[in-house]
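Colleague:
Protein chains: 2
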Amino acid sequence: MLSDEEQKQRLEEFRERCASRGLRITPQRTEVFRVLLGCDDHPPADVVFERVRERIPNISLDTVYRILYWLEDEGLVFRLPISSDRFRFDGDVEPHHHYVCSDCGAIFDFYSDEVDRIELPPEVMSFGRTDRRHLQVSGMCRDCLEVQPPGAAG
Amino acid sequence: MLSDEEQKQRLEEFRERCASRGLRITPQRTEVFRVLLGCDDHPPADVVFERVRERIPNISLDTVYRILYWLEDEGLVFRLPISSDRFRFDGDVEPHHHYVCSDCGAIFDFYSDEVDRIELPPEVMSFGRTDRRHLQVSGMCRDCLEVQPPGAAG
DNA sequence: TTAGTTGCAAAAGATTTGCCCGGGA
DNA sequence: TCCCGGGCAAATCTTTTGCAACTAA
């Protein structure tokens with residue numbers, strides 16, 4: 203999750219982006235963006251919707267979708283490139299990676315210069331231009347291990 | 203895509219797995235598995251369905267889903283951990299990674315011992331047990347670059 | 001004023017489930 | 001006979017779209 207200072211900067215960036223695109227700064231856009239800046243649980247659209255509703259009770263789900271996709275196009279939020287039953291969004295757009303619990307689905311962020319810099323096999327260059335890399339580490343998280351200790355059946 | 207020899211071995215593994223589970227070796231199961239062994243385009247369920255239909259015209263889509271999920275549970279096929287509008291499946295269960303074209307969605311496999319062995323930041327261990335790692339490299343593939351050369355608008 | 005935005009409702013798709021029939025052990 | 005597995009159809013759930021009313025600039 204971003205610090206208060208970072209969140210302020212990101213909101214300023216958001217306002218400038220709207221202005222430079224000739225787009226309106228609406229309460230809906232602002233709140234959707236603010237929700238993503240203020241959490242680190244990578245919520246899917248319907249969870250963002252629920253959280254924004256606390257402030258804007260009559261916002262609709264399709265508006266949340268439209269705003270999320272617009273924010274993504276603008277590079278203001280990041281859609282997680284992980285497999286999930288639903289698309290998940292992240293307010294942190296800096297290069298980083300994710301640990302995903304294969305049991306409960308919890309997602310944790312981590313940064314790794316090594317991963318960001320590691321040289322890829324030569325054939326990867328031949329596939330095309332490489333813009334972004336994302337490492338997904340999966341396993342059973344600490345909480346789930348406690349409930350179902352290693353060695354336990356099923 | 204696996205060599206003929208590897209495909210034979212995998213089919214044998216499949217038959218043994220069915221036997222050891224007391225499950226029947228049905229044409230539907232065999233064909234779904236065979237389709238995944240014989241392609242390298244990581245098809246989603248409906249594409250697997252179309253391909254199996256060439257041999258078993260009256261198979262139903264829900265059967266394909268049930269078989270795919272069973273194969274996945276058994277570790278006989280791999281569900282790609284990448285973000286997509288649909289779940290995608292891979293007959294190759296060895297550790298490997300993927301390049302994904304952000305334009306056309308094409309997916310290419312690659313192997314990297316370096317990625318498989320790179321030391322992860324210490325906090326990752328604290329998240330829980332790590333079972334698997336998957337690197338997704340995204341960018342614009344060669345074909346798409348030709349259609350829309352670098353520097354072109356849009 | 002007015003064009004970009006939103007909310008509502010319905011559509012579109014992918015995935016899952018209930019139920020019954022058919023075939024193999 | 002008994003039971004696993006499959007087909008059909010409907011349900012469920014997420015995401016997208018059409019459209020008229022609204023509102024920030």
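Residue numbers (the numbering used here), protein chains in the order written: chain A, 203 to 356; chain B, 203 to 356. We put the beta carbon where it would ideally sit given N, CA and C, even for glycine. Since this is a predicted model, take the numbers as computed values, not measurements.
At 9 angstroms on the CB atoms, spell out the chain A contacts of ASP333 of chain B, in chain order.
Modeller: Here the question's residue 333 of chain B lines up with position 131 in the second sequence. Those within 9 angstroms of ASP333 of chain B in chain A are SER304, VAL339, SER340, GLY341 and MET342.
Colleague: Would you mind listing the alpha helix (DSSP H) stretches within the segment 218 to 303 of chain B that are 4+ residues and don't spill past its ends, in chain order?
Modeller: 229 to 239, 247 to 255 and 263 to 275
Colleague: Have a look at GLU316 of chain A and ARG335 of chain A and give me their C-alpha separation to the nearest angstrom.
Modeller: For the purposes of this step, residue 316 of chain A is identified with residue 114 of the first sequence, where counting begins at 1. For the purposes of this step, residue 335 of chain A is identified with residue 133 of the first sequence, where counting begins at 1. Near 12 angstroms, if we compare the C-alpha coordinates of ARG335 of chain A and GLU316 of chain A.
Colleague: Does VAL430 of chain A have its Cβ less than 9 angstroms from a Cβ in chain B?
Modeller: Coverage of chain A is limited to positions 203 through 356, which leaves residue 430 of chain A absent and any answer about it impossible.
Colleague: Going by the DSSP bridge assignment, what does CYS306 of chain B pair with across the sheet?
Modeller: Here residue 306 of chain B is taken as the residue at index 104 of the second sequence, counted from 1. DSSP lists no partner for CYS306 of chain B.
Colleague: Which residues bound the beta strand (DSSP E) around ARG334 of chain B?
Modeller: Along the second sequence, read from residue 1 onward, the residue named residue 334 of chain B stands at position 132. Where ARG334 of chain B is concerned, the enclosing beta strand (DSSP E) stretches over 334 to 341.
Colleague: Based on Cα-Cα distance, which residue from A:GLN230, A:LEU239, A:CYS346 and A:GLU218 lies nearest to GLU207 of chain A?
Modeller: Numbered from 1 along the first sequence, position 5 holds the residue referred to as residue 207 of chain A. Nearest C-alpha to GLU207 of chain A: A:LEU239.
Colleague: Cutting at 6 angstroms between CB atoms, please list the residues of its own chain near ALA308 of chain A, excluding the five before and the five after it.
Modeller: In the first sequence, residue 308 of chain A corresponds to position 106, counting from 1. Contacts found: CYS343.
Colleague: Could you pull the start and end residues of the alpha helix (DSSP H) that SER328 of chain A belongs to?
Modeller: Here residue 328 of chain A corresponds to residue number 126 of the first sequence, with the count starting at 1. Here the alpha helix (DSSP H) through SER328 of chain A covers 324 to 329.
Colleague: Within its chain, find whatever has a CB closer than 7 angstroms to the CB of VAL266 of chain A; leave out the 5 residues flanking it on each side and keep chain order.
Modeller: Within the first sequence, the letter at position 64 stands for residue 266 of chain A. Closer than 7 angstroms at the Cβ level, and outside the excluded window around VAL266 of chain A, lie VAL234, ALA247, VAL250, PHE251 and VAL254.
Colleague: Could you please give the first and the last residue of the uninterrupted alpha helix (DSSP H) stretch that includes GLU321 of chain A?
Modeller: Within the first sequence, the letter at position 119 stands for residue 321 of chain A. No alpha helix (DSSP H) holds GLU321 of chain A; DSSP gives it neither H nor E.
Colleague: What residues from the segment 232 to 247 of chain B come within 8 angstroms of chain A, judged by C-beta to C-beta, listed N to C?
Modeller: none
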